[in-house]
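Numbering (UniProt numbering), first residue to last: 1 to 554.
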C-alpha cells in the first residue's frame, strides 16, 4: 500500500463526504459551486479565444505578439509557483501540526515526505491548472487544432507546474540542512533581498523595451522592436518550452510539440527524483532537529497599541496583532508585492512614446483592469479567511456584547484601509509613469476605491456564509471550495465592471482619434450601472453573511 496516496485519498473522501452530506441548503451550495466553476471556465474560454483571435488577425506581427504574450504569462506563472511552493513547503514539511502528529506514528519518513510534498503541490498549483485549462483550450481552438492537438496541449500543463514545485522543495531541503534554525521570517527576508537584487539587475542591464509603440514606420524597425521583446524568452526556460509546444501543436508541428513535452516531462522527472534523493538524505534529520524559530519580541509599541486601539476597536486590534505575529501571513503578501514592484519597474523602463492619443486611453484602461484583478486576488487571500480563523473562539465573541454588524465592520476596517492604500498607490504610480490624462486619473482612483470597498465586503460576506472553522491555515482556507467561489465571484464582479466601464472608455478613445464624439452620456449611464452593480455585490453577501453569523450554533 502506498501510504501517502492512502492518506491523501482518505482526506479527499472526507472532503467529498462533507460536501455531499445531507444538510439544508447543501444541494444549493453544491449547485452554486458547479455553476460558478462552469461560468468561470466558459467565460475564460471566450475571453482568451477573442484575445487570441484578435492577435492572430494582425498580419505579420500577430503570431509573434501572441508568442511574446504567452511566454511572458507563463514566466510569471512559473515565478509565482516557485515562490508559492517555496513558502508553503516550509509550513507543510516542517511547521505543521499534522506533521508533528504523523512523526509520532510508525509512518516512514519517506512516506511522510511524499504526503507533505503532494499536499504542497496541490495547494500551490491548483489555481494555475484551473486557469491554464481555458487558456490552453482557447489557444488551440483559435489555432484550429484537432482533439488530439488539444489533448497534447493539456498534457504540457502538469509537468510545467511540477517543475517549480520540485525545484522549490529541493532548494528548501538544502537550505534547512545548511541553516537548521531557518524560520519563515528568515526565508522571507532572504527572498526579499534576492528579489530586490534580481529586479535591479533585470532593469539595470536587460533594459526591456516592453509593450511600447514608439515611432515604428518600417519593417526593419518593427523586426527590431519584436526582437527587443525577447528578453522574457530563453531556450533554457520551461515557460519557453510550453509556449513553443502550444504554438507548434498544430498541423506539421506535432513533432515539435512532442519534443517540448519530452523536455518538460524529463525535467520534471529529474527534479522530482532529485527532490526525493535530498529528502532521504536530509528530511528526517532536519525535521527532528528543527527549531520553530524565535518568538516575536513583545515590544512596548504593541502594548501602547493595545492600550488605546483595543479599547476602541478590540476585534480589529486582535486581528492586527495576530497578523503581525504570524510571518506566514506575510508570505503571500511578499509574492504580490514583489510582482507589483516588477510591474511598476517595467513601466518605468517602458517608454510610452505614443504619438496616437487613443493608445494612451487603451493602456490606461488595461492598467485599471490589472489593478482590479490584483485587488480581487488580495481580497480572497486575506479577507475571506478572517471569519474562519476565529474558529472555536467565535462562541466567545457571540456571547459578548459585540453585535454582528460590529464584528463585520471591525474585520473589514483594517482590510479596507490596507487594500485601499495598496491599490491607490499602485494606480497613482502607474498612472504617473504612463502619463495618464488628468480626467482618466480621477475616474481610475474613484472606481478603484469603490471596487476596494465592494470586494472587501463581498469576500467578507462569503467568508461568513461558507466558513471553515476546522482549518487554521489561512492559505488552505482561501484554497478551499469556499475560497474558489469567492475568487470566481470577485473576478466576475471585476470583469463585469470592466465591461460596463469599457463603453465610455472606448468612446473617449474614439474622441481622441476622430474628435466630436459624445461620450458624456455614456459615462453617466455606465457609472450608474457600475454603482448599481457595486451596491448589489456589496449588500447581498454582507446581508446573508450577517444572517449566517446570527443563526450559527457554536
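Just so it is clear, CB atoms sit at the ideal spot from N, CA and C, and this is done for glycine as well.
Are the CB atoms of residue j and residue i within a distance shorter than 9 Å?
i, j, result
"residue 284", "residue 99", "no"
"residue 409", "residue 498", "no"
"residue 117", "residue 279", "yes"
"residue 382", "residue 447", "no"
"residue 149", "residue 140", "yes"
"residue 160", "residue 257", "no"
"residue 371", "residue 430", "yes"
"residue 360", "residue 386", "no"
"residue 81", "residue 128", "yes"
"residue 558", "residue 461", "This structure leaves residue 558 out entirely; the chain is present only between 1 and 554."
"residue 276", "residue 114", "yes"
"residue 41", "residue 52", "no"
"residue 453", "residue 363", "no"
"residue 479", "residue 241", "no"
"residue 504", "residue 532", "no"
"residue 271", "residue 111", "no"
"residue 407", "residue 549", "yes"
"residue 501", "residue 526", "yes"
Below 8 Å on the Cβ atoms is my guess for residue i versus residue j; work out the distance and round it to an integer in Å.
i, j, result
"residue 388", "residue 477", "5 Å"
"residue 506", "residue 455", "At roughly 24 Å, the Cβ-Cβ gap does not stay under 8 Å, so residue 506 and residue 455 are not in contact."
"residue 602", "residue 261", "With the chain running from 1 to 554 in the structure shown, residue 602 is simply not present."
"residue 457", "residue 375", "The pair is not a contact, with the Cβ atoms about 12 Å apart (cut-off 8 Å)."
"residue 168", "residue 85", "4 Å"
"residue 177", "residue 282", "4 Å"
"residue 534", "residue 450", "6 Å"
"residue 483", "residue 384", "6 Å"
"residue 88", "residue 124", "5 Å"
"residue 142", "residue 246", "With a Cβ gap of about 11 Å, residue 142 and residue 246 do not count as contacting."
"residue 130", "residue 238", "That belief does not hold up - the Cβ atoms of residue 130 and residue 238 are roughly 19 Å apart, past 8 Å."
Report the rounded CA-to-CA distance for residue i versus residue j, giving the unit in angstroms.
i, j, result
"residue 144", "residue 134", "15 Å"
"residue 69", "residue 274", "32 Å"
"residue 255", "residue 119", "34 Å"
"residue 31", "residue 537", "20 Å"
"residue 45", "residue 55", "15 Å"
"residue 74", "residue 158", "13 Å"
"residue 319", "residue 464", "16 Å"
"residue 445", "residue 91", "38 Å"
"residue 420", "residue 366", "19 Å"
"residue 428", "residue 77", "26 Å"
"residue 496", "residue 234", "36 Å"
"residue 71", "residue 340", "19 Å"
"residue 96", "residue 443", "46 Å"
"residue 561", "residue 377", "Residue 561 lies beyond the stretch modelled for the chain, which goes from 1 to 554, so this question has no answer here."
"residue 337", "residue 106", "42 Å"
"residue 138", "residue 147", "12 Å"
"residue 93", "residue 474", "17 Å"
"residue 459", "residue 379", "6 Å"
"residue 528", "residue 518", "17 Å"
"residue 544", "residue 43", "26 Å"
"residue 557", "residue 432", "The question about residue 557 has no answer, for the chain in this structure spans 1 to 554."
"residue 173", "residue 417", "38 Å"
"residue 423", "residue 413", "15 Å"
"residue 577", "residue 102", "Within the shown structure, residues of the chain are numbered from 1 to 554, placing residue 577 beyond reach of any answer."
"residue 317", "residue 551", "26 Å"
"residue 132", "residue 236", "21 Å"
"residue 231", "residue 57", "Residue placement at residue 231 is poorly supported in this model, since its pLDDT is 48, which falls under 50; the coordinates still yield a value, given next. Each residue's Cα considered, the two are about 24 Å apart."
"residue 62", "residue 179", "49 Å"
"residue 567", "residue 508", "No information on residue 567 is available, as it lies outside the stretch 1 to 554 that the chain covers here."
"residue 520", "residue 373", "26 Å"
"residue 104", "residue 243", "45 Å"
Would you please verify whether the beta carbon of residue i is less than 9 Å from any beta carbon of chain D?
i, result
"residue 114", "Here chain D cannot be found, since the structure has a single protein chain."
Okay, do the segment 475-488 and the segment 34-43 touch, 3+ Cβ pairs below 8 Å being the bar?
Enough Cβ pairs lie closer than 8 Å, so yes.
Check whether the segment 464-472 touches the segment 434-450, taking contact to mean three or more Cβ pairs, one atom from each stretch, closer than 8 Å.
Two segments are said to touch when three or more pairs of C-beta atoms, one from each, lie closer than 8 Å; by this definition the segment 464-472 does not touch the segment 434-450.
What ranges does the alpha helix (DSSP H) occupy inside the segment 120-161, keeping only unbroken runs of at least 4 residues that lie completely in it?
Within the segment 120-161, the complete alpha helix (DSSP H) runs of at least 4 residues fall at 147-155.
Complete alpha helix (DSSP H) runs within the segment 51-125 (minimum length 4 residues, chain order)
Listed in chain order, they are 62-94 and 97-103.
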